[in-house]
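So the mapping is simple: the numbering used here equals the position in the sequence shown, first residue as 1, plus 425.
Ideal Cβ positions, reconstructed from N, Cα and C, are used throughout, including at glycine.
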Amino acid sequence: MTQLQGTSHDVPAILADLTADQVDREFLANAEVHLPRLHDLFAQLYGDRADGFERLASVVDLARRSWAARPADLKALDRARESEPEWFESERMVGGVCYVDRYAGGLSGIRDSIPYFRELGLTYLHLMPLFESPEGNSDGGYAVSSYRRVNPKLGTMADLAELAAELRRAGISLVVDFIFNHTSNEHRWAQKAVAGERGYEDFYLIFPDREMPDAYERTTREIFPDDHPGSFVQLDDGRWIWATFYHFQWDLNYANPAVFEAMAGEMLYLANQGVEILRMDAVAFIWKRLGTTCESLPEAHLLLQAFNAVLRMAAPGLLFKSEAIVHPDEVVSYISPDECQISYNPLQMALTWEALATRDGRLLQQALERRHALPAGTAWVNYVRSHDDIGWTFADEDAAELGIDGSPHRRFLNDFYVGRAEGTFARGVPFQENPRTGDARVTGTTASLAGIEAGDAGGEDRVILAHALALSTGGIPLLYLGDEVAQLNDYGYSDRPEEAGDSRWVHRPFRPAQNYADRRDADTPAGRVFARLTRLLDVRRATPEFSGNELIAFDAHVPSVVAFLRPGDNGFAVLVLANVADSAVEIDALTLSGMAPEALDLVSSAPIWLGVGVTLAAHGTRWLRVRPR
Ligand code: GLC
């Protein structure tokens, strides 16, 4: 381990100071466990800097003050979470996500929606970015101008804290984004940095000319090529600043420990408002090194672990959710109890759509078999689609084993989902198509991508199938609110100037009031999808086999069938079967002969006799409680 400067303030010295200050016993106990870890991480990240150690001392002080200010009910929650560390792995967990303005007008509208969230059984609510951000295009709020002020159009920070408490009383954990890779160009720090104010010069990565930007861009990837090429944008005074995403989202410079300290302060502030899960935005990009892709560098992990250690001292009940939409090897590298306890599962999401397009379940089946397992104390967040585009992030090496060539396959999937391929049922829209590299991604609501918009006969079944997988593989299923009533694409975005250049708005419609009004009407797609999906939600909640993450892949001997067992207690298991083909298939009795023939169909509550095999309808799914012998 590299030694930090000023070692007279090593771990025992800081602990001794805390003891002398008579800090709260609980804080001291947490610090005794987590400070050595934080110290070690600081040594690795900032060991070669003269100010590294001072910063560590001030971060600890920050944590101490934040703990002192933490409301008693949140401290009680911390204790409850610590005494039941697996709380988020329960079969009762179900998430929902929405934009505050689009779904409910503002925070008070979200409050009014709590009875509906309870009806759905939500236990987790992700409110999309709600902080102060620039007028007009703010990347849907992902350009934050202040982490301590709520966008005045939505409400106030006090409203948010109250809402968090009310949600908690309803059994729902509030999730918000921690957008810590970048701030908006209007953030106070950004303006000070550009003005060269002392202490802020190094908050961002600013270069006088193209020399360094050119050097970095030799190995970095373009993320939003429709907005600007490369990773840098030019400032009015001619200098260049790092901006991975939109030109108004400036990347923070974490090589400067002052940036870590500042963001740790914002994190703890949010924690004390009652946020229970922080969605760690764009984790792959937070550390840069010349000559690398500047994605998922080892220091990105160290930084997340350091934030985690700070949290464990001052707000130990919180969880981090990783947003890494990258190669599956990289996705899992962020998941551990010491780093991010939960993570989006972009591979399962993308491969569900891949299977529906190809009518071949093998790539998804292979992923469930080899890429689903996670360390103890962590969980996937499984989703059918998010507010972002779908990128085909499967591993080429996995696909090659099945004789699938990655690049042309991605091209096929893009064409299929944007409606360019012959016979497609999908009505998606391309996103960030890059003619130079051939890269592209896809946008669209679940209903529009699955065929409901196109009037395809299998559309509703596909919506159910995709959700049935997200609800059953293990982890927290996350519903994009409005999809449960089959909301369609909103093409109106192209008439709204601040959205027109970003096709992700096509799948971020306003609350679909008519669909909600129709949700009890079985003559409408909204009514049918809602009835079937809420049945699945009810069944999941009552099925302990769906807790945790253990999954045993099952070979159904039919390429269009994805199949796996979720083992439970007492020798039972749930066998999940999903058929992505456009016609019915048979799973024969011999294939099922490893299980006792008496089984129970959990969705229809009817007994089923495996001794004659199982028929799966076109795009059909079954959840069967079986007894493996
Ligand atoms: C994440 C968000 C995405 C946003 C980007 C930049 O990927 O999900 O919507 O554009 O970060 O903040």
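Quick one: does the C-beta of His-812 sit closer than 7 Å to a heavy atom of the ligand GLC? Counted from its first residue, the sequence shown places residue 812 at position 387. Yes; taking the cut-off as 7 Å, the Cβ of His-812 has a heavy atom of the ligand GLC nearer than that.
Hey, Asp-908 and Thr-870: beta-carbon distance below 8 Å or not? On the sequence shown, position 483 is the one that residue 908 refers to. On the sequence shown, position 445 is the one that residue 870 refers to. Going by C-beta atoms, Asp-908 is nearer than 8 Å to Thr-870.
Applying the criterion that 16 or more other CB atoms from any shown protein chain within 10 Å of the CB defines a buried residue, is Gly-1133 buried or exposed? Lying before the first or after the last residue shown, residue 1133 is absent from the chain, which here runs from 426 to 1054.
For Arg-1052 and Leu-990, I'd like the C-alpha separation in whole angstroms. Residue numbering aside, residue 1052 sits at position 627 when the sequence shown is read from its first letter. Residue numbering aside, residue 990 sits at position 565 when the sequence shown is read from its first letter. Approximately 10 Å, taken between the alpha carbons.
Close-in-space but distant-in-sequence residues of the same chain around Gly-546 (CB under 7 Å, 5 per side omitted): Here residue 546 corresponds to residue number 121 of the sequence shown, with the count starting at 1. Here the set comprises Val-519, Leu-962, Arg-966.
In terms of residues, what are the limits of the beta strand (DSSP E) holding Met-705? By 1-based counting over the sequence shown, the position of residue 705 is 280. 702-705 is the extent of the beta strand (DSSP E) around Met-705.
For Tyr-842, count neighbouring Cβ atoms within 10 angstroms of its own Cβ and tell me buried if that reaches 16, exposed if not. On the sequence shown, position 417 is the one that residue 842 refers to. By the 10 Å Cβ count, Tyr-842 comes out buried.
Inter-residue CB distance, Arg-489 and Leu-443 (contact presumed, cutoff 8 Å): Along the sequence shown, one-based indexing puts residue 489 at 64. Along the sequence shown, one-based indexing puts residue 443 at 18. Right, the Cβ-Cβ distance comes to about 7 Å (below 8 Å), so this counts as a contact.
Helix, strand or coil at Gln-659 according to DSSP, with G and I counted as helix: The residue labelled residue 659 in the question sits at position 234 within the sequence shown. Correct three-state label for Gln-659: strand.
Tell me which residues share the same chain as Arg-836 and place their Cβ nearer than 6 Å to its Cβ, disregarding the 5 neighbours each side in the sequence. Taking the first residue of the sequence shown as 1, we reach residue 836 at position 411. Correct list: empty, nothing qualifies.
At the level of alpha carbons, what is the spacing between Ala-620 and Ile-631? Walking along the sequence shown from the start, residue 620 turns up at place 195. Walking along the sequence shown from the start, residue 631 turns up at place 206. Cα to Cα, Ala-620 sits roughly 11 Å from Ile-631.
Below 7 Å CB to CB, which residues in the same chain sit around Ile-439 once its five sequence neighbours on both sides are set aside? Residue mapping note: residue 439 aligns to position 14 of the sequence shown, counting from 1. So the qualifying residues of the chain are Leu-460, Ala-482, Val-485.
Going by the CB atoms, is the gap between Asn-1004 and Ser-1030 shorter than 8 Å? To locate residue 1030, count along the sequence shown from 1; it is residue 605. To locate residue 1004, count along the sequence shown from 1; it is residue 579. The answer is no: Cβ separation not under 8 Å.
Could you give the distance in angstroms between the alpha-carbon of Asp-980 and the alpha-carbon of Glu-701? Here residue 980 corresponds to residue number 555 of the sequence shown, with the count starting at 1. Here residue 701 corresponds to residue number 276 of the sequence shown, with the count starting at 1. Roughly 39 Å between the two C-alpha positions.
From Arg-1050 to Arg-936, what distance separates their C-alpha atoms? Here residue 1050 corresponds to residue number 625 of the sequence shown, with the count starting at 1. Here residue 936 corresponds to residue number 511 of the sequence shown, with the count starting at 1. Approximately 36 Å, taken between the alpha carbons.
Could you compute how far the alpha carbon of Asp-763 sits from the alpha carbon of Ala-731? The residue labelled residue 763 in the question sits at position 338 within the sequence shown. The residue labelled residue 731 in the question sits at position 306 within the sequence shown. If I take the Cα positions, the gap works out to 9 Å.
Quick one: residues in its chain with C-beta nearer than 7 Å to the C-beta of Phe-649, no 5 flanking neighbours on either side, listed in chain order? Residue mapping note: residue 649 aligns to position 224 of the sequence shown, counting from 1. These residues qualify, in order along the chain: Phe-670, Tyr-671, Gln-857.
Tell me whether Gly-520 counts as near the ligand GLC, meaning its Cβ is closer than 7 Å to at least one heavy atom of that ligand. For the purposes of this step, residue 520 is identified with residue 95 of the sequence shown, where counting begins at 1. The answer is no for Gly-520.
How long is the line joining the alpha carbons of Leu-1017 and Ile-750, rounded to whole angstroms? Within the sequence shown, numbered from 1, the residue matching residue 1017 stands at position 592. Within the sequence shown, numbered from 1, the residue matching residue 750 stands at position 325. Cα to Cα, Leu-1017 sits roughly 36 Å from Ile-750.
The stretch 689-703 touching the stretch 595-612, judged by at least three CB pairs closer than 8 Å: yes
Alpha carbons only, please: which of Val-964, Leu-976, Tyr-528, Glu-1011 is nearest the one belonging to Val-983? Locating residue 983 in the sequence shown gives position 558, where the first residue counts as 1. Looking at the Cα atoms, Glu-1011 is the closest of the given residues.
Measuring alpha carbon to alpha carbon, tell me which residue in Val-525, Thr-803, Gly-566, Tyr-679 is nearest Glu-724. Numbered from its first residue, the sequence shown carries residue 724 at position 299. It is Tyr-679 whose Cα lies nearest to the Cα of Glu-724.
Alpha carbon to alpha carbon, what distance is there between Asn-807 and Ala-942? Here residue 942 corresponds to residue number 517 of the sequence shown, with the count starting at 1. Here residue 807 corresponds to residue number 382 of the sequence shown, with the count starting at 1. Distance between the alpha carbons of Ala-942 and Asn-807: 27 Å.
Following a CB-centred definition, is Phe-670 positioned closer than 7 Å to any heavy atom of the ligand GLC? The residue labelled residue 670 in the question sits at position 245 within the sequence shown. Within the cutoff, so yes.
Would you kindly work out how many angstroms separate the C-alpha atoms of Gln-766 and Gly-802, rounded to a whole number? Stepping through the sequence shown from its first residue, residue 766 is reached at position 341. Stepping through the sequence shown from its first residue, residue 802 is reached at position 377. Cα to Cα, the separation comes out at about 7 Å.
Which residue marks the beginning of the beta strand (DSSP E) containing Ala-1003, and which one marks its end? Reading the sequence shown from its first residue, position 578 is the one you call residue 1003. It spans 998-1004 - the beta strand (DSSP E) in which Ala-1003 sits, taken as one unbroken run.
Euclidean distance between Cα positions of Leu-874 and Ala-938: As a first step, residue 874 is located in the sequence shown; it is residue number 449 there, counting from the start. As a first step, residue 938 is located in the sequence shown; it is residue number 513 there, counting from the start. Cα-Cα distance, rounded: 20 Å.
Which class does Leu-419 belong to by DSSP, given the choice of helix, strand or coil? For residue 419 there is no data in the structure shown, the boundaries of the chain being 426 and 1054.
Go through the stretch 941-981 residue by residue and report every complete run of the alpha helix (DSSP H) that reaches 4 residues or more, in order. 950-966
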